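This report concerns only the one structure given below.
Residue numbers (the working numbering), protein chains in the order written: chain A, 347 to 861; chain B, 71 to 403.
Written as structure tokens, this is what we have:
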């Protein structure tokens, strides 16, 4: 294979892998591409009160199902001195508290923190339920029900419209005699739900009760709201039993499906349950990382996130270096800026990150300026080269120490960050610039020093950009993209921007000689 | 207008830094050959073996403790040049034109004491001027005597002729004249004047200082129109022969004219710069293309020099500005 083809192959491979991984993490794992992406996290507390009679107690409480459209951050069960277990059965999860003997008012708590994930992922295919049992109504009610169903049937086209029509009819403001009869005087929500399910069963349609909680920030003493879920075309469709609207409302947590009880207390009385809800806003990235770690998604499990926090912080910095390298490549190959030392600008940029821009530049200029002055004196002392550079290192350290002490006395806290500058590198810079000064004059020193500083500042601006910082750390595969870019730039044989200036006189002369 | 249009530069055949590194140096100069030219002692030896005249070697210093012996080496000589063996771009070169009692004089008239020279030597040994700061050696050479032809065109220094040799064929030449601004050094970016030379006749074409055209030498006020380099054929052959000497496909030969010994090779460069294009007001690319299209390189340096002389003479009309082929293009072929 030709070198060139091979290079393009590698570049495309790297780009494909890098971008592919980014897209996978974004779309499949839900990593946001912006650091400001936030998600509401709902904390729901269920408080169970009952009065114990001194007998053995078993409290059984239905827990919300772990479906794919919600991610559970945390679950807590609390009640003093109770045995606790979580039971999982085909009908759902239940919490069970138990105790041998107790009397008096008792309280158990269940706390859940969760957030809603991409709703598109929430298409659970359901098994065909068994044919619903025909409910038994007494004669009068049965006649009313059949009449009502006949009416509704004539006004609907299919199961979906039938269900909606039935619900709106039952909820109409001007109820007919049949409706009033069916709804009766005890028309509480629970009764209505069962009535709807029974009427649908009479029609041969499978339906079940769904209990859920509207999530609203700061609510207390909430109760569950009943919905009706109807099996239509291989899927369960959720209907609001008061309006006939289809689908899960926004900020609605489904707590329980089916006809099991929400709360059973054996050995107690006056059991009550109330929910309170609090909303917190969290960064999506933190939630996703935690969720993926819990799920042990391979790509996250074997990533930087698995390192201890301290190492993670180190990597935050290290992963920014490729960005700096890219800037240097661009500045040198495309712009043609001369810097003293190829990657010295990156090291200055790293120091600038610690010191903030303006302070950093001031400190840099002070240290290098003072260093050059002292170095020019050292050159008169007739020292061997290695001894001289070592002397410069000590001088640089002395300068840095005095800057720290003076600024501390003056109350300039910012200048204390001076210690983040790489001292050996600074010494080398001073040594080289001083030689440059002697051999090529101050002009060259300013060109190269200015070039280094400019490159460092641009690298700094990129490396401190919040989005770039976020992306490099959370999408380390960006390095592959970066690598591909640098490989491509390594093939650039066009003119550098500085060369357009360098050869500009040439253009003029060629034009004039042609005339 | 401060910036030239890239399109125009390309149509003139100007080669940029990236293209030089990629299409010429990386392609024609195998890395293993670099030490031959980066080490000036090796170059000198090679040149002597090939029968090429070089400045006489007066002595070398390799170790720090030998610096004490410097006085013995220097004593018999009134004039000499101290060079780092692995220096680049003329860095670290110290020229002494007069030696009186204990004082050594630079061309500018500045006086140095022996210990100043010793310090300079020990700096070189520590690698201050070498590529990558590696430990270096010092060589002391005899001083080149200014050829009277250039007497009116140089200031406190020896002009040198840079000839670019591509695959053994000299393709472009430039004379570098020292000026007051360049402190007697033949470095263009320090203010030396670069004079483009007609390959056919050895006469001056254009001259530039700091990238701007000049018509006469800034210090001697002598116009360049009368400047013709003597022994032109000999110089071209000398440059062409450097190809066999080193094996480098793209090299810059620095040649000086000595009053007594004639043309001498003082240095070879594996990464010659691009300012030669500015001095000649012409791009390298068309000439590179012509040489690249030659299938078989003529083994005789003399006939190569003759070919170049005929092909690249300024009045030869058959020089269409063509773009340099890069590696990419001939892969496609």
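Just so it is clear, CB atoms sit at the ideal spot from N, CA and C, and this is done for glycine as well.
Remember, it's a predicted structure, so these values are computed and weren't measured experimentally.
Can a CB atom of chain A be found closer than 9 Å to the CB of residue 118(B)?
No, residue 118(B) does not count as interfacial toward chain A.
Using a Cβ cut-off of 9 Å (strictly closer), state whether residue 651(A) contacts chain B.
Not closer than 9 Å to any Cβ of chain B, the Cβ of residue 651(A) fails to qualify, so no.
Go ahead and pull the three-state DSSP assignment for residue 185(B).
Three-state DSSP puts residue 185(B) in a helix.
Using a C-beta to C-beta distance shorter than 8 Å, which residues of chain B count as neighbours of residue 732(A)?
Going along chain B in sequence order, the residues near residue 732(A) (Cβ under 8 Å) are 196.
Are there 16 or more other CB atoms within 10 angstroms of the CB of residue 426(A), so buried, or fewer, so exposed?
Under this definition residue 426(A) is an exposed residue.
If you measure from the beta carbon of residue 307(B) to each beta carbon in chain C, is any gap under 9 Å?
Protein chains in the displayed structure are A and B, and chain C is not among them.
Mind listing which residues of the segment 686-707 of chain A have their C-beta closer than 9 Å to chain B's C-betas, in chain order?
Those would be none; no residue qualifies.
I'd like the span of the alpha helix (DSSP H) that includes residue 772(A), first residue to last.
Run containing residue 772(A): 769-786, per the alpha helix (DSSP H) assignment.
What residue does the alpha helix (DSSP H) around residue 816(A) start on, and which one ends it?
Per DSSP, residue 816(A) belongs to the alpha helix (DSSP H) from 812-820.
State yes or no: is the C-beta of residue 110(B) within less than 9 Å of the C-beta of residue 153(B)?
Yes, the Cβ-Cβ distance between residue 110(B) and residue 153(B) is below 9 Å.
Could you spell out the range, first to last residue, of the beta strand (DSSP E) harbouring residue 331(B)?
Run containing residue 331(B): none; DSSP gives neither H nor E here.
Report back the beta-carbon spacing between residue 161(B) and residue 199(B) to the nearest angstrom; my notes put them in contact at under 8 Å.
Right, their Cβ atoms sit about 4 Å apart.
Where in the segment 586-658 of chain A do unbroken runs of the beta strand (DSSP E), each at least 3 residues long, occur, reported from the N-terminal end onward?
Whole beta strand (DSSP E) segments, 3+ residues: 598-603, 609-612 and 614-629.
For residue 614(A), which of 606(A), 589(A), 599(A) and 405(A) has the nearest alpha-carbon?
Of 606(A), 589(A), 599(A) and 405(A), the residue nearest in Cα terms is 405(A).
Using a 10 Å radius around the Cβ and a threshold of 16 neighbouring Cβ atoms, would you call residue 279(B) buried or exposed?
Answer is buried; the Cβ neighbour count reaches 16.
In chain order, what residues of the same chain have a beta carbon less than 8 Å from the beta carbon of residue 735(A), not counting five sequence neighbours either side?
Closer than 8 Å at the Cβ level, and outside the excluded window around residue 735(A), lie 773, 774 and 777.
Within 9 Å of any Cβ in chain B, is that where the Cβ of residue 362(A) sits?
By this cut-off, residue 362(A) is not an interface position.
Take residue 495(A) and list the residues in its own chain whose beta-carbon comes closer than 7 Å to its own, dropping the five residues that flank it on each side.
Excluding positions up to five away in sequence, the list reads 545, 548 and 549.
Based on DSSP bridge pairs, tell me the residues matched to residue 169(B).
Looking at the DSSP assignment, residue 169(B) forms a beta bridge with 174(B).
How long is the line joining the alpha carbons of residue 640(A) and residue 398(A), rounded to whole angstroms?
Those two C-alpha atoms are separated by around 38 Å.
For residue 475(A), name the three-state secondary structure that DSSP assigns.
Three-state result, residue 475(A): coil.
For chain B, is any of its Cβ atoms less than 9 Å away from the one on residue 781(A)?
True, the Cβ-Cβ gap to chain B drops below 9 Å.
Considering only the alpha carbon of each residue, which of 224(B), 369(B), 115(B) and 197(B) lies closest to residue 247(B)?
When only C-alpha atoms are compared, the closest one is 224(B).
Alpha carbons only, please: which of 256(B), 264(B) and 325(B) is nearest the one belonging to residue 276(B)?
Comparing Cα-Cα distances from residue 276(B) to each of 256(B), 264(B) and 325(B), the minimum goes to 264(B).
If we ignore side chains and look at the alpha-carbon of each, how far apart do residue 573(A) and residue 534(A) end up?
Looking at the two C-alpha atoms, the distance is approximately 13 Å.
Quick check on residue 294(A): buried or exposed, where buried means 16 or more other Cβ atoms within 10 Å of its Cβ?
The question about residue 294(A) has no answer here: the residues shown for chain A are numbered 347 through 861.
State yes or no: is the beta carbon of residue 151(B) nearer than 9 Å to at least one beta carbon in chain A?
No, residue 151(B) does not count as interfacial toward chain A.
Would you identify the three-state DSSP class for residue 381(A), choosing helix, strand or coil?
Of the three classes helix, strand and coil, the one that applies to residue 381(A) here is coil, per DSSP.
So what does DSSP say about residue 386(A), is it helix, strand or coil?
In this structure, residue 386(A) counts as strand in the three-state DSSP scheme.
Mind pulling the chain A residues with CB within less than 7 Å of residue 193(B)?
Under the 7 Å cutoff, chain A gives 731.
Does the separation of the CB atoms of residue 187(B) and residue 144(B) fall below 9 Å?
Contact flag set, yes.
Is residue 336(B) near the ligand ZN, going by C-beta to nearest heavy atom under 8 Å?
This structure lacks the ligand ZN, and indeed carries no ligand of any kind.
Is the Cβ of residue 88(B) closer than 9 Å to any Cβ of chain A?
Cβ-Cβ to chain A under 9 Å: yes for residue 88(B).
If residue 163(B) and residue 157(B) are in contact, beta carbons under 8 Å, what's the gap, nearest whole angstrom?
Contact flag correct, Cβ pair sits at about 7 Å.
Which residues in chain B have a C-beta closer than 8 Å to the C-beta of residue 846(A)? List them in chain order.
Simply 73, 74, 75, 76 and 79.
Looking at the structure shown, is residue 847(A) part of a helix, part of a strand, or coil, going by DSSP?
Three-state DSSP puts residue 847(A) in a helix.
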